[in-house]
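Protein chains in written order, with the numbering used here: chain P, 1174 to 1285; chain D, 15 to 129.
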């Protein structure tokens, strides 16, 4: 059983559509980070959310941290083929704050 | 500023062989970590270090050793390679915010095959 769960596991959408991916846990996290990974490369940090209820925007991407700091979501507006990749959430759980644990990821494919 | 570097990029080992995966960072980050990535599993934490001279186990430490003699370097040693260790290995570093690792930067990965 993974500490962080992500859904959906796979997502294939048409260019221009909106989508939301979710990251959930039964544990409280000190912060949550979202990364995007492209094939053959290491993950690249997109954003960090720290405060419960926090919302951050990065161009067409909106990130939200749940009020209880146990979940997060990533919403993409008007998806583009360049958004294709593996989206990973990660963070240090409050119970073991010096370990950064990753979810299994959501693989997104945006079809032109 | 090279960020996080890893060598080698690719490696093929026979069962029972040992090897060291190298990782170095030039950002003066206190925190460094090693992950392995397998299909459908995301990244799993192998070992991590909160500073020079200090290491600890992650989620899947068996079969691996680490040491941290300097801030810059964090090598990962496979003691006796097994086919189950076939994976992609990533090293990462970050600074600490009030003792908590914050915003990790990843290397390009080492693709290891054990036959």
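In this text, a Cβ means the ideal position worked out from N, Cα and C, and glycines have one as well.
Cross-chain neighbours of residue i in chain P, by beta carbon under 7 Å
i	result
residue 117 of chain D	1206, 1218, 1221
residue 122 of chain D	1214, 1215
residue 159 of chain D	In the structure as shown, chain D begins at 15 and stops at 129. Residue 159 of chain D is therefore absent and cannot be evaluated.
Beta-carbon proximity of residue i to residue j, cut-off 8 Å
i	j	result
residue 129 of chain D	residue 26 of chain D	yes
residue 1218 of chain P	residue 118 of chain D	yes
residue 1238 of chain P	residue 1224 of chain P	yes
residue 1272 of chain P	residue 90 of chain D	no
residue 1129 of chain P	residue 1203 of chain P	Residue 1129 of chain P lies beyond the residue range present for chain P, which begins at 1174 and ends at 1285; the question has no answer from this structure.
residue 107 of chain D	residue 50 of chain D	no
Chain P residues whose Cβ lies nearer than 8 Å to that of residue i
i	result
residue 104 of chain D	1215, 1216
Anticipated Cβ contact below 8 Å, residue i with residue j, distance rounded
i	j	result
residue 1284 of chain P	residue 1188 of chain P	6 Å
residue 41 of chain D	residue 88 of chain D	Incorrect: roughly 13 Å between the Cβ atoms, too far for contact.
Listed by chain order, chain P residues near residue i by CB distance under 9 Å
i	result
residue 59 of chain D	1272, 1273, 1274, 1275
residue 47 of chain D	1272, 1273
residue 62 of chain D	1271, 1272, 1273
Under 8 Å by beta carbon: chain D residues contacting residue i
i	result
residue 1265 of chain P	114, 115
residue 1203 of chain P	114
Discussion item. List, from N- to C-terminal side, the beta strand (DSSP E) runs of 3 residues or more that fit wholly inside the region 1180-1225 of chain P.
Written reply: List check, beta strand (DSSP E) in window: 1183-1187, 1192-1197, 1205-1210, 1217-1222.
Discussion item. For the pair the region 1270-1277 of chain P and the region 1174-1181 of chain P, tell me if three or more CB-CB distances fall below 8 Å.
Written reply: Yes, the region 1270-1277 of chain P is in contact with the region 1174-1181 of chain P.
Item to complete: Just list the beta strand (DSSP E) runs in the region 23-70 of chain D, keeping only unbroken ones of 3 residues or longer that don't cross its boundaries, in chain order.
Response: Positions of the beta strand (DSSP E) runs, each at least 3 residues long and wholly inside the region 23-70 of chain D, are given as 24-27, 33-39, 45-51, 57-65 in order along the chain.
Worksheet entry | Unbroken stretches of the alpha helix (DSSP H), 4 residues or longer, contained in the region 1217-1270 of chain P | Correct list: empty.
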